[in-house]
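Before any comments, here is the structure.
Number of protein chains: 2
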Amino acid sequence: MSPRVTIKTVAQAAGVSPSTVSNAYNKPDQLSAALRERILSTAQELGYAGPDASARALRSGKAGSVGVLFTDKLAYAFSDPYAVGFLAGLAEVAEEFATSLLLMPLSSTDIQGGTNAVQQAAIDAAAIFCVAGGHPALETLKNRGIPMVSTDRGDHPDLSWVAIDEVEAAAKLGAHLARLGHREVVVLVDNAEAAGTQPVELSLDEVGYTDCELRIRGLQKEMPDARIRLVSGGHNAFSSGLIAAEWVLDSQDRPTAIVGLSDVQALGAMEAMRTRGLVPGRDLSVVGFDDIPAAQTAGLTTIRQPIRDKGRAVGRVLLDPAATERQITMPTELVVRSSSGPAPR
Amino acid sequence: MSPRVTIKTVAQAAGVSPSTVSNAYNKPDQLSAALRERILSTAQELGYAGPDASARALRSGKAGSVGVLFTDKLAYAFSDPYAVGFLAGLAEVAEEFATSLLLMPLSSTDIQGGTNAVQQAAIDAAAIFCVAGGHPALETLKNRGIPMVSTDRGDHPDLSWVAIDEVEAAAKLGAHLARLGHREVVVLVDNAEAAGTQPVELSLDEVGYTDCELRIRGLQKEMPDARIRLVSGGHNAFSSGLIAAEWVLDSQDRPTAIVGLSDVQALGAMEAMRTRGLVPGRDLSVVGFDDIPAAQTAGLTTIRQPIRDKGRAVGRVLLDPAATERQITMPTELVVRSSSGPAPR
DNA sequence: ACGTTTTTCTAGAACGATTTAGAAGAACGA
DNA sequence: TCGTTCTTCTAAATCGTTCTAGAAAAACGT
């Protein structure tokens, strides 16, 4: 039941002041090499594992980690290769700066109290991945004075972001479909409230996420004559796309094209077609968004965005003092594959 | 340039003691509802965002986050759906306990100094994902007195782990191959030193990770008459499997079966076969390990392990005080698909 | 009305480090 | 030899909380 070994204990044992022990760890040039050696070895003997992280964080004001905030549940984030790719890019830069990544779950409950992870987290900055503009967690972070970089363009001019031009990107998709003669379109959107229930048809105002909304607007822009319906099967996941597409395909009112607002959802739609003996690109067109690796295998027409680069760029804005650009637009590209074809007449 | 708003500022403004403000946030039953209300609203007015995370962590000794340590570079972790699945399971439980996940990069350099992320990190516990037993980072964590749960069975009886019986699992694979008549086998292993260079052939002692070693032993057990060679193309990734398999296939000495010690590597090997016009299961057998989602699509024979459950179980051991079992063995299962077939004679 | 319990609040000491300002001694130049 | 500049080390304050022990006030039972 011995009391914990602290910097003080080590100092006493080595016959020096606590400051010197601290310097031995943090500022080696502030003391003679010999003494440093001696301190380090007595520390070792005492089983001292180096300065306590929390204490250091408190005193120096640096936590050595950046937070990452995801839409929805944390577990869902890992089901989308797009999110995973982003994380990989971010992790690359984090690694470079010897910084940890703190994945914060945003509990819907307990926003007021203090037991929220977003409140608790000791972070220097935060990456906001596809979280809707008005989310309370963002307010919390802003209040805490934590610098943020979002993957969506914000409305505030002083907000940092690394994003694509959602409208323009979706417009490319819309133009592609319009060119192929599609006029009956169903868009598969992410919607938390639809989770676990029947798929639901939504109006544009009910679409929560700003980026989803923008993509829909982009589509509309290039498809002014088309009837565009919005359907959600739940969270952004393969299964949601599957369920929603099944519902659409089994209805009386089939579209000629299905647009997944993410590739995972579009792939779910392709699966729904497959089980019904329908061929994507011939019987019905399916297009996606993101260009995840699986999209290529599946022959899915989609919008490519450099997701890993996006992660890296966010990391740079967050961590690299040399990075001055705080609002970065990444390029997108229409990738035409076999899943889209002329509308049957 | 006003000084920061702290609990003290709020206390002064509300005309109460700092302790009371603290209680307003943490122990609502310790003060009257009216006063709590008043304190919270003055806090709001002053722009106080709640107790500082670092200070709280220091004083209360709880950081509210668990660390996750991965093999190799953090970015590589995201390239393996197996690791991602684990993370998803772990995240599920973390979410339940309002705990954040801290992904720590383990920089190979700077193990001694204090700027290491593993040293810096403010965490209550740590999940060790496929990190070799003797890794210095583990020593660091042990010294810091941080409880750990590993995904590999450790040698120490007091170590916590959630793992599979690697030997037994690999033995199933070996038995399967032996039954099919294979006697010339190449095993694709993960090896950091082989990264970026030519694929290398290794001896069993050179295989770093304990679990890899165990799997090889399991194979050997059921294939006593076979010649088993170990080849690495680098880190555990699709590209490494691809490169290594290409090297093997283009050599004079082709095996009849290739064993990927992970599915991603096995899938890389299948790709290498494809580009050479070889059909898996006919010309050469390929088997993997893990049963990631893509394995099904590709028709890869593999060992299934319930990875998401594994993540969840680790989470429980880490966070749930009710979880008493500290050494858990998960089940595995041989899944036979089209990539394995009888050895050509 | 009076001791006892309960509720509500506070003072002051930790928590374990870093930082600032400066002391003591060594080295230096003239 | 003497002031000056380095180098090496230290004392004490501070970071923003939470916790322990206890005071003051209110409520209670008889």
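If you read the protein sequences in the order shown, they are chains X and W.
When we follow the working numbering, the leftmost residue of the first sequence carries the number 4, and every step to the right adds one.
When we follow the working numbering, the leftmost residue of the second sequence carries the number 4, and every step to the right adds one.
We treat Cβ as the ideally placed atom computed from N, Cα and C, and that holds for glycine.
In this text, all values refer to a predicted model and were calculated from it rather than measured experimentally.
Cβ shell of residue i (< 7 Å), same chain only, five flanking positions each side left out
{"i": "W/GLY50", "result": "VAL8"}
{"i": "W/LEU264", "result": "VAL190, LEU191, VAL192, ASP193, CYS215, ARG218 and PHE292"}
{"i": "W/ARG340", "result": "GLY302, LEU303 and THR304"}
{"i": "X/VAL96", "result": "ARG315, GLY318, ARG319 and LEU322"}
Partner residues on chain X for residue i, Cβ-Cβ distance less than 7 Å
{"i": "W/LYS76", "result": "GLU98"}
{"i": "W/MET107", "result": "SER103"}
{"i": "W/GLN122", "result": "GLY53"}
{"i": "W/ARG147", "result": "ALA52"}
Buried or exposed by the 16-neighbour rule on C-beta atoms within 10 Å, applied to residue i
{"i": "X/SER25", "result": "buried"}
{"i": "X/ALA173", "result": "buried"}
{"i": "X/LYS11", "result": "exposed"}
{"i": "X/PRO283", "result": "buried"}
{"i": "W/LYS76", "result": "buried"}
{"i": "X/LYS30", "result": "exposed"}
{"i": "W/ALA240", "result": "buried"}
{"i": "X/PRO84", "result": "buried"}
{"i": "W/VAL320", "result": "buried"}
{"i": "W/PRO334", "result": "exposed"}
{"i": "X/ARG59", "result": "buried"}
{"i": "X/GLU169", "result": "buried"}
{"i": "X/SER82", "result": "buried"}
Under 8 Å from the C-beta of residue i: neighbouring residues of chain W
{"i": "X/SER341", "result": "In chain order: nothing, as chain W lies at least about 17 Å away."}
Residue span of the beta strand (DSSP E) that contains residue i, given as start and end
{"i": "W/SER265", "result": "Segment: none, W/SER265 is in no beta strand (DSSP E) and carries neither H nor E."}
{"i": "W/GLY70", "result": "68-73"}
{"i": "W/SER235", "result": "230-235"}
{"i": "W/LEU105", "result": "103-107"}
{"i": "W/VAL170", "result": "Element bounds for W/VAL170: not the beta strand (DSSP E) but the alpha helix (DSSP H), 169-182."}
{"i": "X/LEU205", "result": "203-205"}
Proximal residues to residue i (C-beta, below 8 Å), its chain only, five neighbours per side dropped
{"i": "W/GLY136", "result": "ASP155, GLY157, ASP158 and THR213"}
{"i": "X/GLY199", "result": "GLY237"}
{"i": "W/GLN201", "result": "TRP250"}
{"i": "W/VAL234", "result": "VAL189, VAL190, LEU191, VAL192, PRO202, VAL203, GLU204, LEU205, ALA247, TRP250 and VAL251"}
Within chain W, partners of residue i - CB distance below 7 Å
{"i": "X/GLU61", "result": "Reading off the sequence shown, one finds Leu at residue 61 of chain X, where the question assumed Glu. Those within 7 Å of X/LEU61 in chain W are SER57, ALA58 and LEU61."}
{"i": "X/GLU1", "result": "Because chain X is modelled from 4 through 348, residue 1 of chain X falls outside the range shown and cannot be assessed."}
{"i": "X/VAL190", "result": "Under the 7 Å cutoff, chain W gives no residues; its nearest Cβ is about 25 Å from X/VAL190."}
{"i": "X/SER82", "result": "ALA91"}
{"i": "X/VAL87", "result": "PHE81 and VAL87"}
Residues that residue i contacts on chain X, provided the C-beta gap is smaller than 9 Å
{"i": "W/LEU143", "result": "Inspection of the sequence shows that residue 143 of chain W is occupied by Thr rather than by Leu. In chain order: ALA52 and GLY53."}
{"i": "W/GLY244", "result": "Result: empty, since nearest Cβ-Cβ is about 15 Å, beyond 9 Å."}
{"i": "W/GLY67", "result": "THR118, ALA120, GLN123, ALA124 and ALA125"}
Extent of the continuous alpha helix (DSSP H) run through residue i
{"i": "W/SER25", "result": "21-29"}
{"i": "X/LEU349", "result": "What is shown of chain X runs 4 to 348, which leaves residue 349 of chain X out entirely."}
{"i": "W/ALA248", "result": "241-252"}
{"i": "W/VAL282", "result": "Element bounds for W/VAL282: n/a, residue is neither H nor E."}
{"i": "W/LEU49", "result": "36-49"}
{"i": "X/LEU93", "result": "84-99"}
{"i": "W/ARG307", "result": "That residue, W/ARG307, is in no alpha helix (DSSP H); its beta strand (DSSP E) goes 305-307."}
{"i": "X/ALA78", "result": "77-80"}
Any non-hydrogen atom of the ligand PLP within 6 Å of residue i CB
{"i": "X/GLY53", "result": "This structure lacks the ligand PLP; in fact it carries no ligand of any kind."}
Three-way DSSP call (helix, strand, coil) for residue i in this model
{"i": "X/GLN330", "result": "strand"}
{"i": "W/THR259", "result": "coil"}
{"i": "W/ASP293", "result": "strand"}
{"i": "W/LEU322", "result": "helix"}
{"i": "X/MET276", "result": "helix"}
{"i": "W/THR9", "result": "coil"}
{"i": "X/LEU337", "result": "strand"}
{"i": "X/ILE219", "result": "helix"}
{"i": "W/ILE114", "result": "In this prediction, W/ILE114 has a pLDDT of 43, which is less than 50 and means its spatial position is unreliable; what the coordinates show is noted afterwards. Of the three classes helix, strand and coil, the one that applies to W/ILE114 here is coil, per DSSP."}
{"i": "X/ALA135", "result": "coil"}
{"i": "X/ILE126", "result": "coil"}
{"i": "X/ARG352", "result": "Because chain X spans 4 through 348 in this model, residue 352 of chain X falls outside it and cannot be assessed."}
{"i": "W/ILE149", "result": "coil"}
{"i": "X/ALA52", "result": "coil"}
{"i": "X/SER1", "result": "Given that chain X is displayed from residue 4 to residue 348, the structure contains no residue 1 of chain X and the question cannot be resolved."}
{"i": "W/SER343", "result": "coil"}
Interface residues of chain W facing residue i [CB-CB closer than 9 Å]
{"i": "X/VAL289", "result": "Result: empty, since nearest Cβ-Cβ is about 17 Å, beyond 9 Å."}
Neighbourhood of residue i by C-beta, 6 Å cutoff - its chain only, sequence neighbours within 5 removed
{"i": "W/GLY116", "result": "Any reading at W/GLY116 must be qualified, since the residue scores a pLDDT of 43, below 50, and its modelled position is unreliable; the value itself is stated next. If we look at W/GLY116 and ignore the five residues flanking it on each side, it has no Cβ neighbours."}
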